[in-house]
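Enquirer:
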Amino acid sequence: MAEKALKPMLSVVEKTQDKIIQIKDLQIWINESRILNNITLSIPKNEITCIIGPSGSGKSTLIRSINRINDEVPGISTQGEIIFNGLSINNKNIDLAQLRTQIGMVFQKPCVFPKSIKENVLFGIPHLKKISKLEKFQIAEENLKAVSLWKEVAHRLHDKAISLSLGQQQRLCIARTLAIKPEVILLDEPTSSLDPISARAIEDMMVRLKKKYTIIFVTHNLQQAKRIADNLVFICDGKLIEQGPASKMLSCPSNPETKAYVTDEYCEC
Amino acid sequence: MLGSTNNIGKYYVYGSTLISAFIVFLIFSILLVNSWEAVTTIGLDLFNLNWNPATREFGIWSMLFGTLVVTFIALLIAVPLGVATAIFTSEILPSTYRIVVKSLLELLAGIPSIIFGLIGIAFFSIWIQNIFDLQSGRTILTAGILLSIMILPTIITLTDDAFNNIPSKYRETAKGLGLYKYEIIKEVLLPIAKPDLKGAILLAFGRALGETMAVMLVIGSIDKIPDPIYNWLSPGQTITSKLGREIAETSFGSVHFSAMIFMGLLLFIIVLILTIISQNSLKSNGRLYE
Ligand SMILES: Nc1ncnc2c1ncn2[C@@H]1O[C@H](COP(=O)(O)OP(=O)(O)O)[C@@H](O)[C@H]1O
Ligand SMILES: [Mg+2]
Chain A
1 MAEKALKPML SVVEKTQDKI IQIKDLQIWI NESRILNNIT LSIPKNEITC IIGPSGSGKS
61 TLIRSINRIN DEVPGISTQG EIIFNGLSIN NKNIDLAQLR TQIGMVFQKP CVFPKSIKEN
121 VLFGIPHLKK ISKLEKFQIA EENLKAVSLW KEVAHRLHDK AISLSLGQQQ RLCIARTLAI
181 KPEVILLDEP TSSLDPISAR AIEDMMVRLK KKYTIIFVTH NLQQAKRIAD NLVFICDGKL
241 IEQGPASKML SCPSNPETKA YVTDEYCEC
Chain B
270 MLGSTNNIGK YYVYGSTLIS AFIVFLIFSI LLVNSWEAVT TIGLDLFNLN WNPATREFGI
330 WSMLFGTLVV TFIALLIAVP LGVATAIFTS EILPSTYRIV VKSLLELLAG IPSIIFGLIG
390 IAFFSIWIQN IFDLQSGRTI LTAGILLSIM ILPTIITLTD DAFNNIPSKY RETAKGLGLY
450 KYEIIKEVLL PIAKPDLKGA ILLAFGRALG ETMAVMLVIG SIDKIPDPIY NWLSPGQTIT
510 SKLGREIAET SFGSVHFSAM IFMGLLLFII VLILTIISQN SLKSNGRLYE
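As you go down the protein sequences, you meet chains A and B in turn. Take 1 as the starting number for the first sequence in the working numbering and just add one per residue. Take 270 as the starting number for the second sequence in the working numbering and just add one per residue.
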């Protein structure tokens, strides 16, 4: 009896908890120019949130402030708050390296280290020396399988990672990020330097991965966003124009600018 | 028109390469020809311990030993210090300060070696003498330390360049994977910069081997291997300091002269080998960055 009474309350709690990241009034200046303007949005857990918008609109700046990798840009100043799992990440004293193991990032251009494929997968794992050889192999296998690269590279794990094709390299980069077991994965236009087939492979992978991870995916490719997004965030000229479930924003956007963008890929802001 | 100017450029490049190669070859042959006398009359005894022209003993072993030990000491001090400083200037210091530090270093590299020698003889060897309570501060260690200061700018500048040439995407990717700054330096940057570092060290090695003036003034110039062999607080002699001191006393064509030239030949060959190795390691780094 008591259990039944608790249930509705629990679901209310879950409702607020399933927003893994909340951004409140985020403003970013670089030198004297305002790059982001009062951004307020929330990211639901275990879903794909695509950030769309024309190039130069501030998508990278936004996503890069979520793991605070923008901190060292000269002349940057940030206002507002980003809350991750109920904790503000804008605190001066937080351990950034720790934060970045929870919020992993994949960049636009694949960047493998001049090491072997296996060493690349294991690269971000802390205290690697204490892990046994067998365990390392298992970690490599698990994460390479997760990005569907295992079959292609299983026989050549000790080859240089640079010998892979760009599409394979980018999947390796994703595997490397998965290996540090983040909760959130930030991807900044991860397919824009790849061929269409590799890009589709990564899109399919995202849909599979969202069961385990929360995915924030920046793209300027609207078709791509339509294929994978659960939620859309539309940014134009540093302003957040609209956010919401992808189906709603694509079929009946409430904002005329969003409508122009999702139908014509044209933006007047 | 364009073709002919192109050709002029080509011949110019070929020409100057040929001339440089020819000069190297010429020097090598002159050294070889002039040391032939010593090689044939003294033979393997050239590698003996005693050097005494009066008794026609020309063992170069103590000079060779001195050269190697002084260079070793210089590298032992300058490499860790130089690499650490370069990591600081390139990875930690803001770029505006970095330019200041680099121009200061270039200034340091431009100081004539005789100035180092004079400072070494006037102050530095006195300090060594007082610190270690020696009869004379002109020792192998003194020469090694002085030399380390002289090659430091080379190591710092080249290492700093090596770090700066590493594309920032590697730093950013490593940061995005949750590595701390020291981990990024240790796990990412140092391995990538390693071929360049090797080149820098070999270049500094070559400079240390060839340095004459400053070493000659502070090493004490005694043709002896210290006893025990690791007692570097005793005076010694390097090939260069020996040549600098004694070549004027020999008569051209004598065995004495020829033995001196033989030491020169040896030094030349060592430096040549180092240069070739360092050229190769400098060349090979390009492949790392696509
Ligand atoms: N380091 C920087 N210094 C000055 N302006 C910058 C810097 N980085 C980005 N910007 C500016 O910020 C704006 C947004 O850039 P960005 O976030 O990269 O856009 P997007 O990823 O949507 O293409 C652009 O107008 C860009 O010129
Ligand atoms: Mg961008």
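For every residue, glycine included, the Cβ atom is placed at its ideal position computed from N, Cα and C. Predicted model, so just to flag it, every value in this text is computed and none were measured.
Kindly indicate which residue of B/I400, B/M419, B/P422 and B/S394 has the alpha-carbon position closest to the one of B/I409.
Expert: Along the second sequence, read from residue 1 onward, the residue named residue 409 of chain B stands at position 140. Cα-wise, what sits closest to B/I409 is B/S394.
Enquirer: Taking only beta-carbon atoms, is B/K438 less than 8 Å away from chain A?
Expert: Within the second sequence, numbered from 1, the residue matching residue 438 of chain B stands at position 169. Chain A contact via Cβ: present.
Enquirer: Hey, is A/S193 close to ligand 2, as in C-beta under 7 Å from one of its heavy atoms?
Expert: In the first sequence, residue 193 of chain A corresponds to position 193, counting from 1. No, since every heavy atom of ligand 2 falls outside the 7 Å radius drawn around the Cβ of A/S193.
Enquirer: Hey, out of B/V524, B/V348 and B/V370, whose CA is closest to B/T358's CA?
Expert: If you number the second sequence from 1, residue 358 of chain B lands on position 89. The candidate whose alpha carbon is nearest that of B/T358 is B/V370.
Enquirer: Between B/A307 and B/F531, which are expected to be in contact by the criterion C-beta below 8 Å, what is the C-beta distance as a whole number of angstroms?
Expert: The residue you call residue 307 of chain B lines up with position 38 of the second sequence. The residue you call residue 531 of chain B lines up with position 262 of the second sequence. Yes, they are in contact, since the Cβ atoms of B/A307 and B/F531 sit about 5 Å apart, within 8 Å.
Enquirer: Distance, Cα to Cα, A/S77 vs B/L376?
Expert: Locating residue 77 of chain A in the first sequence gives position 77, where the first residue counts as 1. Locating residue 376 of chain B in the second sequence gives position 107, where the first residue counts as 1. When rounded, the distance between both Cα atoms is 37 Å.
Enquirer: Alpha carbon to alpha carbon, how far is A/E189 from A/S55?
Expert: Sequence index remark: in the first sequence, residue 189 of chain A carries index 189 (1-based). Sequence index remark: in the first sequence, residue 55 of chain A carries index 55 (1-based). Computed Cα separation, rounded: 11 Å.
Enquirer: At the level of alpha carbons, what is the spacing between A/I139 and A/L122?
Expert: Residue numbering aside, residue 139 of chain A sits at position 139 when the first sequence is read from its first letter. Residue numbering aside, residue 122 of chain A sits at position 122 when the first sequence is read from its first letter. Going from the Cα of A/I139 to the Cα of A/L122 covers about 8 Å.
Enquirer: Assess contact between the region 428–437 of chain B and the region 396–409 of chain B, defined as three or more Cβ pairs (one per stretch) separated by less than 8 Å. Is contact present?
Expert: no
Enquirer: Shorter than 7 Å, the distance from the beta carbon of A/G80 to the closest heavy atom of ligand 1, or not?
Expert: In the first sequence, residue 80 of chain A corresponds to position 80, counting from 1. Checking the Cβ of A/G80 against ligand 1 gives no.
Enquirer: Measuring only the C-alpha atoms, how far is B/S437 from A/T258?
Expert: The sequence position of residue 437 of chain B within the second sequence is 168, counting from 1. The sequence position of residue 258 of chain A within the first sequence is 258, counting from 1. Using only the alpha carbons, I get a separation of about 35 Å.
Enquirer: Determine the chain A residues that contact B/I390 at a beta-carbon separation under 8 Å, and present them in chain order.
Expert: As a first step, residue 390 of chain B is located in the second sequence; it is residue number 121 there, counting from the start. In chain order: nothing, as chain A lies at least about 47 Å away.
Enquirer: Using a Cβ cut-off of 8 Å (strictly closer), state whether A/T61 contacts chain B.
Expert: Residue numbering aside, residue 61 of chain A sits at position 61 when the first sequence is read from its first letter. By the rule that beta-carbons nearer than 8 Å mark a contact, A/T61 does not touch chain B.
Enquirer: Considering Cα atoms alone, identify which of B/I329, B/A290 and B/K279 is closest to B/D492.
Expert: Residue 492 of chain B sits at position 223 when you count from the first residue of the second sequence. Taking only the C-alpha atoms, the option nearest B/D492 is B/I329.
Enquirer: Which chain A residues are close to B/V457, counting only those with a beta carbon under 7 Å from its beta carbon?
Expert: In the second sequence, counting from the first residue as 1, residue 457 of chain B sits at position 188. Going along chain A in sequence order, the residues near B/V457 (Cβ under 7 Å) are F113.
Enquirer: Is B/I356 close to chain A? Criterion is C-beta to C-beta, closer than 8 Å.
Expert: The residue labelled residue 356 of chain B in the question sits at position 87 within the second sequence. Not one chain A Cβ lies under 8 Å of B/I356.
Enquirer: For B/G278, does the count of other Cβ atoms within 10 angstroms reach 16, so buried, or fall short, so exposed?
Expert: Along the second sequence, read from residue 1 onward, the residue named residue 278 of chain B stands at position 9. Label assigned to B/G278: exposed.
Enquirer: Are three or more beta carbon pairs between the region 502–517 of chain B and the region 335–349 of chain B nearer than 8 Å?
Expert: Flag = yes, the region 502–517 of chain B and the region 335–349 of chain B touch.
Enquirer: Which residues in chain A sit within 8 Å of B/Y449, going by Cβ to Cβ distance?
Expert: Locating residue 449 of chain B in the second sequence gives position 180, counting from the first residue. Those within 8 Å of B/Y449 in chain A are A97.
Enquirer: Beta-carbon of A/F107 versus every beta-carbon of chain B: anything under 8 Å?
Expert: Locating residue 107 of chain A in the first sequence gives position 107, counting from the first residue. True, the Cβ-Cβ gap to chain B drops below 8 Å.
Enquirer: Could you compute how far the alpha carbon of B/R367 sits from the alpha carbon of B/P349?
Expert: Taking the second sequence and counting its residues from 1, one reaches residue 367 of chain B at position 98. Taking the second sequence and counting its residues from 1, one reaches residue 349 of chain B at position 80. Taking the straight line joining both Cα atoms gives about 19 Å.
Enquirer: Measure from the alpha carbon of A/K133 to the alpha carbon of each residue in A/N143, A/A146, A/K118 and A/L144, then state which is nearest.
Expert: Start at 1 with the first residue of the first sequence, and residue 133 of chain A comes out as number 133. Of the listed residues, the one whose Cα sits closest to A/K133 is A/K118.
Enquirer: Using a Cβ-Cβ cut-off of 6 Å (strictly less than) and excluding sequence neighbours within five positions of A/G80, which residues of its own chain qualify?
Expert: Start at 1 with the first residue of the first sequence, and residue 80 of chain A comes out as number 80. Contacts found: K24, D25, L26 and Q27.
Enquirer: Pull out every residue of the region 340–374 of chain B whose Cβ sits closer than 7 Å to any Cβ of chain A, in chain order.
Expert: none
Enquirer: How would you write the range of the alpha helix (DSSP H) that B/D314 sits in, first residue to last?
Expert: Numbered from its first residue, the second sequence carries residue 314 of chain B at position 45. B/D314 -> no alpha helix (DSSP H), and no H or E assigned at all.
Enquirer: Which value, in whole angstroms, describes the spacing of the CA atoms of A/A161 and B/T442?
Expert: Within the first sequence, residue 161 of chain A is the residue found at index 161, counting from 1. Within the second sequence, residue 442 of chain B is the residue found at index 173, counting from 1. If I take the Cα positions, the gap works out to 15 Å.
Enquirer: Give the secondary structure of B/R325 by DSSP, where H, G and I count as helix, E and B as strand, and everything else as coil.
Expert: The sequence position of residue 325 of chain B within the second sequence is 56, counting from 1. Residue state, collapsed to three classes: coil.
Enquirer: If you draw a straight line from the C-alpha of A/I215 to the C-alpha of A/R156, how long is it?
Expert: Looking up residue 215 of chain A in the first sequence gives position 215. Looking up residue 156 of chain A in the first sequence gives position 156. Rounded to the nearest angstrom, the two C-alpha atoms are 29 Å apart.
Enquirer: Please confirm whether A/I83 has its beta-carbon closer than 8 Å to some beta-carbon of chain B.
Expert: For the purposes of this step, residue 83 of chain A is identified with residue 83 of the first sequence, where counting begins at 1. Chain B contact via Cβ: absent.
Enquirer: Note down the Cα distance separating A/T263 from A/L240, rounded to an integer number of angstroms.
Expert: Locating residue 263 of chain A in the first sequence gives position 263, counting from the first residue. Locating residue 240 of chain A in the first sequence gives position 240, counting from the first residue. Whole-angstrom Cα-Cα distance: 18 Å.
Enquirer: Using a Cβ-Cβ distance under 8 Å, would B/K467 count as near chain A?
Expert: By 1-based counting over the second sequence, the position of residue 467 of chain B is 198. So, not an interface residue.
Enquirer: From this set, B/R440, B/L387, B/E456 and B/I356, which residue's C-alpha is nearest A/P126's C-alpha?
Expert: Taking the first residue of the first sequence as 1, we reach residue 126 of chain A at position 126. Selection B/R440, B/L387, B/E456 and B/I356 evaluated against A/P126 yields B/E456 as nearest (Cα-Cα).
Enquirer: Would you report the Cα separation of A/S42 and A/L164, rounded to the nearest angstrom?
Expert: Counting from one through the first sequence, the residue named residue 42 of chain A turns up at place 42. Counting from one through the first sequence, the residue named residue 164 of chain A turns up at place 164. Roughly 37 Å separates the two Cα atoms.
Enquirer: Across the region 185–199 of chain A and the region 103–117 of chain A, are there enough close Cβ pairs to call them in contact, namely three or more that are closer than 8 Å?
Expert: Touching, yes, given that three or more Cβ pairs across the two stretches are closer than 8 Å.
Enquirer: Report the option in B/D465, B/A290, B/T340 and B/N500 whose CA atom is closest to the CA atom of B/S547.
Expert: What you label residue 547 of chain B is simply residue 278 of the second sequence in a count that begins at 1. Nearest of B/D465, B/A290, B/T340 and B/N500 to B/S547, Cα basis: B/D465.
Enquirer: What in chain A is Cβ-close to B/I461, meaning under 7 Å?
Expert: Taking the second sequence and counting its residues from 1, the one referred to as residue 461 of chain B is at position 192. Within 7 Å Cβ-Cβ: P114.
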